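What follows is a single structure, written as structure tokens, with notes after it.
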Amino acid sequence: MDSCLMLWHMKPQSRAYRFVGHKDAVTCVNFSPSGHLLASGSRDKTVRIWVPNVKGESTVFRAHTATVRSVHFCSDGQSLVTASDDKTVKVWSTHRQKFLFSLSQHINWVRCAKFSPDGRLIVSASDDKTVKLWDKTSRECVHSYCEHGSFVTYVDFHPSGTCIAAASMDNTVKVWDVRTHRLLQHYQLHSAAVNALSFHPSGNYLVTASSDSTLKILDLMEGRLLYTLHGHQGPATTVAFSRTGEYFASGGSDEQVMVWKSNFDVVDYGEIIKVQRPPTMLASSSGNLPEVDFPIPPGRGRSQESVQSQPQEPISMPQTLTSTLEHIVGQLDVLTQAPE
């Protein structure tokens, strides 16, 4: 909302870059596949392409006639797709930096547009309550998915390119097959609007961010909820897995960006997802430790309660749980230190 982009380094003690150029709130950001370019869209109706280095130089596309809600690079980095409140989806050439064509069948604001992994299709989500699938070559709408009961806030392709997941203000997440257009899965887990989602690169998990302040991890293979994560104070507005799936990051109306370690793919479901917070922030965030719900499937390890109620059997505690509890105790130590 402060019109800036922040580029954070994942290595500890590294400086973050602040990129200034947009004249109004920045609504979306996306790295090119190579990482050499960064695209951003803004309420100032422009799209900027940045070189992510110290200088932070950018070129401006006078892209739309209203707020730009979404920017996304094609997997080959050659094209960029943008979506706007002017009800259009536009495709641009990245290197020649020119406008290619417009897709304009939505009858309300378009909140999100994405290329398929192979770059042949585009999917878009709109306040007209539809998700539309487009053929990039013919520029025609292949199908409209109309099952949502309210504005569709976000959409993305499964890594395989065979299905799409959409998030909506009707509090649901729906997954469709892009070949048969059949509704494959329907999740009604959040108690408020779902604002964003991201597929794990393995394609087995989906993370969602909601105005109910939680993030949820869904197991797509079993079609069920794995974890509910409480970190943000207020709406969780955005979430994304890293390219390897080792981490995911979430942003919220509380002005926080949180980086989470996604170790649910590594060991067992009993592995707790920890929130990584810099110690400086911890010192001032008393009583604000993230709470983690982690349902463990029956017969797989012990529940959190049984670990706590049987201290005489420390051997039975998984190593990961022990280290996590130590981590939490360490955080509490930081919180309860008296000021010098």
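Oh and the sequence shown: position 192 is 192 in the UniProt record's numbering, straight run, nothing missing.
Just so it is clear, CB atoms sit at the ideal spot from N, CA and C, and this is done for glycine as well.
Note that the coordinates shown come from a computational prediction; the quantities given were computed from them, not determined experimentally.
C-alpha gap between residue i and residue j, whole angstroms
i: V152; j: C146; result: 10 Å
i: K114; j: F99; result: 17 Å
i: S211; j: W50; result: 30 Å
i: G149; j: K129; result: 7 Å
i: S138; j: Y205; result: 32 Å
i: R179; j: A236; result: 32 Å
i: E57; j: A63; result: 18 Å
i: A66; j: D85; result: 5 Å
i: V131; j: G35; result: 28 Å
i: V71; j: M258; result: 21 Å
i: K11; j: Q105; result: 44 Å
i: Q13; j: L7; result: 14 Å
i: N108; j: A83; result: 11 Å
i: D2; j: S42; result: 11 Å
i: Q233; j: W260; result: 16 Å
i: S160; j: V173; result: 18 Å
Own chain residues within Cβ distance below 8 Å of residue i, not counting five before or after
i: Y154; result: R111, C112, A125, A166, A167, V194, N195, A196, L197
i: H9; result: R15, A16
i: C4; result: R18, F19, V20, H22, V26
i: S32; result: L38, A39, F73, G77, T94
i: V239; result: A196, L197, S198, V207, T208, A209, L215, F248, A249, S250, G251
Three-state class that DSSP yields for residue i in the structure shown
i: F264; result: helix
i: G41; result: strand
i: R18; result: strand
i: C4; result: strand
i: F151; result: coil
i: S75; result: coil
i: I296; result: Reliability of the predicted coordinates at I296 is poor, the pLDDT of 33 falling under 50, and no value is obtained from them.
i: A196; result: strand
i: L220; result: coil
i: H230; result: strand
i: A63; result: coil
i: K87; result: coil
i: K98; result: strand
7 Å Cβ shell around residue i - same chain, five flanking residues per side excluded
i: T244; result: P201
i: N171; result: Q188, H190, S191, A192, A193, V194
i: V142; result: L133, W134, D135
i: M221; result: N204
According to DSSP, residues forming a beta bridge with residue i
i: G251; result: T238, V257
i: D156; result: A165
i: H186; result: K174
Contacts around residue i, its chain only, beta-carbon distance under 6 Å, and the 5 residues preceding and following it disregarded
i: S102; result: T88, K90
i: G223; result: Q185
i: S144; result: T130, K132
- Segments assigned beta strand (DSSP E), at least 3 residues, entirely inside the UniProt repeat "WD" (103-144): The qualifying runs are 110-115, 121-126, 131-135.
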